[in-house]
Amino acid sequence: MKILIIGGGNMGLTYARSFVRAHITSRLDLRLLARSPERVPALAAHEIGTVWGHPAECVPGADILILAVKPQDSPTLFTALRGLVQPQQVVLSIMAGVRIATLREALGTPKVIRAMPNLPAQIGMGMTAFTSTDEVTRAELVQVQNLLSTTGKTVYVEEESAIDAATAISGSGPAYVYYCMDALMAAAAQMGFTPAEAELLVSQTFRGAVDLYSQSGLSCGDWIARVASKGGTTEAALGAFSTGAVREGLVAGARAARDRAEELGR
Ligand SMILES: NC(=O)c1ccc[n+]([C@@H]2O[C@H](COP(=O)([O-])OP(=O)(O)OC[C@H]3O[C@@H](n4cnc5c(N)ncnc54)[C@H](OP(=O)(O)O)[C@@H]3O)[C@@H](O)[C@H]2O)c1
Numbered sequence: 001m002k003i004l005i006i007g008g009g010n011m012g013l014t015y016a017r018s019f020v021r022a023h024i025t026s027r028l029d030l031r032l033l034a035r036s037p038e039r040v041p042a043l044a045a046h047e048i049g050t051v052w053g054h055p056a057e058c059v060p061g062a063d064i065l066i067l068a069v070k071p072q073d074s075p076t077l078f079t080a081l082r083g084l085v086q087p088q089q090v091v092l093s094i095m096a097g098v099r100i101a102t103l104r105e106a107l108g109t110p111k112v113i114r115a116m117p118n119l120p121a122q123i124g125m126g127m128t129a130f131t132s133t134d135e136v137t138r139a140e141l142v143q144v145q146n147l148l149s150t151t152g153k154t155v156y157v158e159e160e161s162a163i164d165a166a167t168a169i170s171g172s173g174p175a176y177v178y179y180c181m182d183a184l185m186a187a188a189a190q191m192g193f194t195p196a197e198a199e200l201l202v203s204q205t206f207r208g209a210v211d212l213y214s215q216s217g218l219s220c221g222d223w224i225a226r227v228a229s230k231g232g233t234t235e236a237a238l239g240a241f242s243t244g245a246v247r248e249g250l251v252a253g254a255r256a257a258r259d260r261a262e263e264l265g266r
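Residue numbers (UniProt numbering): 1 to 266.
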């Protein structure tokens, strides 16, 4: 499978490294397109795949094109790709907020897959939601799912609107986790722990709680009930969260992110 990654930034390089590490493609079959010929040496320094500076040199012959540039760079990219993408090529876009209809029209190609990965993809712990046009065959979808799975877990969604929802939950989600961790580290510091101790207490608690949850069949509510005894410390904390409408705040935050994703897509 010949793969062309367009955009060798955080995500583009994450995919390149993950595909090669998983032996899904060889360095020889992996191509990367830099923004311009002048940027080729910087990208080539990563020593992953063959790096090109002109789309016309590397788009033909690729089976799958992965668009990993920033959304604001997409109009320039679409202009550069015009007339080069063939109908049998599969286009996988991870650009936030760039709709399938836009991609179809701008590239003049029917086989489009839109995916929303997240930051932990960098360490193989990512979560990616993806959807596709009807023209993408089952075999092509499986191929792309295999590619995406090299960076973590994946879920296929039927409706494109679910990509906006996934953007709000798993795409932005790592920031919500860091927000909560940061608040608890601040609380730990206020209680007299050093920054290093606060970091250890909080990060290991998050890691342990998530792993415990994952290894059990219990719900979050079940686990909360196991930690919180009547009249105890956890119950005191949960009462304060309730007074501060923390849960409602998190739900409102996720909704605001989903609304913003929809707005950006328009
Ligand atoms: N980072 C995440 O966690 C994450 C999560 C979900 C989705 N995404 C999506 O992934 C995409 C990439 O994000 P990123 O964090 O990897 O961005 P990034 O680090 O800024 O990388 C973007 C890369 O695209 C290159 N580029 C721009 N225009 C180009 C063109 N016309 N041809 C070839 N290359 C071009 C840039 O080159 P120069 O360095 O030369 O400018 C840069 O290396 C975005 O659309 C974002 O919405 C990212």
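Even for Gly, the Cβ is constructed at its ideal location relative to N, Cα and C.
Are the CB atoms of residue j and residue i within a distance shorter than 7 Å?
i: LYS111; j: GLU135; result: yes
i: residue 331; j: LEU92; result: In the structure displayed, the chain extends from 1 to 266; residue 331 sits before or after that span and is not available.
i: THR133; j: GLU160; result: no
i: ALA168; j: ALA257; result: yes
i: ALA121; j: THR14; result: yes
Would the C-beta of residue i count as close to ligand 1, meaning under 6 Å from any of its heavy atoms?
i: ILE94; result: yes
i: residue 324; result: Since the first residue of the chain shown is 1 and the last is 266, residue 324 is not available in this structure.
i: ASP164; result: no
i: LYS153; result: no
i: ILE6; result: yes
i: ALA45; result: no
i: VAL69; result: yes
i: ARG27; result: no
Exposed or buried, what is residue i when buried is set at 16 or more other beta-carbons lying within 10 Å of its beta-carbon?
i: ILE6; result: buried
i: SER170; result: buried
i: LEU218; result: exposed
i: VAL177; result: exposed
i: LEU148; result: buried
i: THR151; result: buried
i: MET125; result: exposed
Would you mind working out which of the options sits nearest residue i, comparing C-alpha positions?
i: GLY53; options: LEU4, HIS23, PRO75 and ALA101; result: LEU4
i: CYS58; options: SER74, ARG35, LYS70 and PRO71; result: ARG35
i: THR102; options: VAL85, VAL202, PRO75 and ASN118; result: PRO75
i: residue 267; options: ARG260, PHE206 and ALA44; result: Outside the displayed span of the chain (1 to 266) sits residue 267, for which this structure offers no information.
What residues match up with residue i in a beta bridge as DSSP calls it?
i: GLY126; result: GLY152
i: ILE48; result: Its beta-bridge partners do not exist; DSSP assigns none.
i: MET11; result: Answer is none; MET11 lacks a bridge partner.
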